[in-house]
Each structure stands twice: as C-alpha cells, then as structure tokens.
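What follows is a short report on a single structure.
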Amino acid sequence: LREAISKGLEPIRALQMATINTAEYFRLYDRGAIAPGYLANLVTITDLSKLEINMVFYKGKLVARQGRPLFFLPQLKANSYQLTANTVRIKPLTTELLSLRAKRSNLTEETYPIIEIVPGQIATKKRVEKVKVVDGMIVPDLEKDILKLVVVERHKASGNIGLGLVKGFGLKQGALASSVAHDSHNIIAVGTNDFDILKAIEEIERLQGGLVACGNHKVLASLPLPVAGLLSPEPLEVVVAQFEKLEKVAASLGNLPPAPFSILSFLA
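The sequence shown maps to residues 1 to 268 in full-length UniProt numbering.
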C-alpha cells in the first residue's frame with residue numbers, strides 16, 4: 001500500500017483495492033469493510049499517506065498499539081516441541097560436493113540456464129547465457145550478478161543436492177542460507193563462493209533450522225528456527241530483534257533486493 005501511494009495512487013483507492021475489492025473477489029463477504037456483520041479485524045492509522053499504524057484490532061479486541069503487542073505469548077519449553085525438533089538431517093558436505101562442473105573443462109565460459117529474479121515478485125524468469133568457467137567449474141560472476149544457488153535435502157539425510165545459478169540477487173560477498181524454502185523446506189543457499197555457502201549450510205545444521213548470513217568464512221548473523229526448521233520458540237520481541245539484525249547484515253553484503261530471505265525461500 002505504501003509503495004502504491006508513493007507512486008501516486010490515491011490513498012482511499014489503494015485501501016479499497018487491498019481490502020473490500022480483494023475480499024469480494026474471493027467471496028469473503030464477512031471482511032474487507034468496517035460495518036455491522038463484518039469481522040472486526042482492523043487497524044487505525046495516524047497518517048493516510050504514510051499509513052502509520054497506531055492500533056491493531058483482532059476480533060474486536062485491541063491487540064497491538066504503536067508497534068507493540070498487548071497480548072502475552074508464553075515462551076515454549078524445549079520439551080513442548082520435541083516432535084518437531086532436530087529436523088535438519090544432512091550428510092556431511094564439502095566444497096567439492098557444491099561444485100558445478102562445466103561440460104568442457106578447457107573453456108573459460110559456457111552457455112548455461114539461469115534463474116532470473118524479477119524485482120518485486122516471487123515469479124522468476126528463465127535465462128540462458130554465457131557463464132564463467134574456472135578450472136572446469138562453473139563459478140559465480142559478480143560482474144554479471146550471477147551467483148551460485150544450492151538446495152540440500154535436509155529431512156532424510158539423503159545426500160541429494162541441487163545446484164544452479166541465479167541472477168539479480170545482488171550479493172557482492174558472502175552467502176545467505178535458509179531452512180525455509182517453499183514448499184519442501186529443504187536448505188537453500190545463495191552465495192558468491194563455495195566456502196561461505198558451505199559455512200552457512202553447516203550453521204543451519206548446527207542451529208537445527210534458521211536463516212543465516214555468512215562472510216569471510218564466518219557466521220555474521222542468524223535467526224535460529226529450531227521448531228521444524230521453520231519457527232522460533234523465542235518471544236516475539238527477541239525474534240524481531242534477531243531478524244532485523246540479520247537483514248541489516250545481509251544488506252551490507254551487497255545491493256540486495258528488499259526481503260532477500262523471502263525471495264530466497266521461493267527459489268527452491
């Protein structure tokens with residue numbers, strides 16, 4: 001909504017498109033408006049053009065004010081999610097297993113399919129272009145913003161690994177990895193070199209799930225997600241702080257698009 005308004009769309013029309021129009025299109029006739037008979041799920045705002053949210057109501061009850069929750073969520077105890085703990089199971093990895101071999105070792109470039117990110121969307125495009133080859137291996141090309149993409153099966157330790165290339169992610173150094181990867185939620189990683197990619201994947205295994213940023217062969221920031229490799233047992237405030245730090249560190253590794261971990265999760 002803020003993006004649409006900043007591009008010149010009239011605020012009331014933008015709100016209409018995001019609420020009542022959408023609800024009616026999907027035949028959700030009990031939501032999308034403030035009126036008798038509608039669900040009282042709504043927000044109040046202090047600035048119509050900036051959409052600064054003041055209060056959040058859910059089922060008629062005030063649940064958040066000025067960015068802070070007014071409800072209490074008890075912290076999960078370790079034994080309360082045992083059935084969904086320790087779900088990251090992978091075979092030992094090496095950088096050799098992450099190598100992407102070229103068809104011909106005596107060339108410096110090769111034509112290869114690439115996933116291209118579309119800015120602002122989770123849909124991607126397929127490109128076929130010349131990629132860099134060094135010592136018989138296809139490697140990232142930072143000048144062309146071509147990075148290595150790795151998917152590691154993490155449920156049964158099968159050893160299955162998917163390798164590819166992605167264009168438009170913007171990393172200039174290091175690697176990012178996540179155990180949130182739709183829809184099978186294996187480990188997915190993107191990076192400028194195999195060493196940082198390997199480090200990020202190994203850290204996710206150590207954490208038993210999470211989001212990780214690595215650089216110079218070191219873990220720079222992380223958000224542990226030990227519940228099925230998808231959720232955190234920590235209080236909301238802790239998770240928000242961890243995630244904000246992680247995104248800040250990730251942004252420092254290059255010219256990344258907004259929400260890089262969300263984009264990464266849809267590349268699997």
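Just so it is clear, CB atoms sit at the ideal spot from N, CA and C, and this is done for glycine as well. These numbers were taken from a predicted model, which means no experiment stands behind them.
Residues near residue i by beta carbon distance below 8 Å, same chain, minus five either side
i      : result
Leu83  : none
Arg2   : Lys50, Leu51
Leu230 : Ser179, Val180, His185, Gly209
Ser158 : Lys91
Glu109 : Lys130, Val131, Lys132, Val133
Gly37  : Asp30
Lys59  : Leu39, Ala40, Asn41
His217 : Phe195, Asp196, Lys199
Ala203 : Residue 203 is actually Glu in this sequence, not Ala. Excluding sequence neighbours, Glu203 sits near Ala177, Gly210, Val212, Cys214, Val219, Ser222.
Ile263 : Ile117, Ile122, Phe169, Pro257
Glu24  : Gly32
Simplified DSSP state of residue i, which is helix, strand or coil
i           : result
Asp141      : strand
Leu98       : helix
residue 282 : The question about residue 282 has no answer here: the residues shown for the chain are numbered 1 through 268.
Asp183      : coil
Asp194      : helix
Ser158      : coil
Leu236      : helix
Ser265      : helix
Val249      : helix
Glu153      : coil
Thr111      : strand
Ser105      : coil
Ile146      : strand
Ala4        : helix
Leu83       : helix
Arg89       : coil
Lys199      : helix
Ala241      : helix
Leu207      : helix
Pro260      : helix
Ala213      : strand
Leu220      : strand
Lys77       : coil
Gly164      : strand
Pro226      : coil
Pro119      : coil
Lys125      : strand
Leu231      : strand
Leu70       : coil
Gly136      : coil
residue 291 : The chain is shown only over 1 to 268; residue 291 falls outside these bounds and no answer can be derived.
Distance between beta carbons of residue j and residue i, contact taken as under 8 Å
i      : j      : result
Ile90  : Val152 : 6 Å
Leu107 : Val133 : 6 Å
Tyr112 : Val131 : 5 Å
Ile161 : Ala177 : The Cβ separation is near 13 Å, so there is no contact.
Ala33  : Thr19  : 7 Å
Val43  : Val56  : 5 Å
Pro224 : Leu207 : 4 Å
Ala175 : Ile197 : 4 Å
Phe71  : His182 : At roughly 28 Å, the Cβ-Cβ gap does not stay under 8 Å, so Phe71 and His182 are not in contact.
Ala85  : Pro226 : 6 Å
Ile114 : Arg127 : 5 Å
Leu93  : Ile201 : 6 Å
Neighbourhood of residue i by C-beta, 6 Å cutoff - its chain only, sequence neighbours within 5 removed
i      : result
Ala4   : Ala14
Asn255 : Gly170
Thr87  : Ala228, Gly229
Pro260 : Ala250
Asp135 : none
Chain-order list of residues whose beta-carbon lies under 7 Å from that of residue i (same chain, five-residue window excluded)
i           : result
residue 269 : In the structure as shown, the chain starts at 1 and stops at 268, and residue 269 therefore has no counterpart that could be examined.
Met137      : Ser99, Leu100, Arg101, Ala102
Leu142      : Lys172, Thr192
Thr46       : Glu52, Asn54
Ala241      : none
Do three or more CB pairs link the segment 140-149 to the segment 189-203 at distances below 8 Å?
yes
If contact is defined by three or more beta carbon pairs under 8 Å, each pair taking one atom from either stretch, is the segment 61-78 in contact with the segment 229-243?
yes
Can you confirm whether the segment 241-255 touches the segment 209-223 when touching is taken to mean that 3 or more C-beta pairs between the two stretches lie within less than 8 Å?
yes
What runs of the beta strand (DSSP E), each 3 residues or longer, lie entirely inside the UniProt domain "Amidohydrolase-related" (7-63)?
42-47, 52-58
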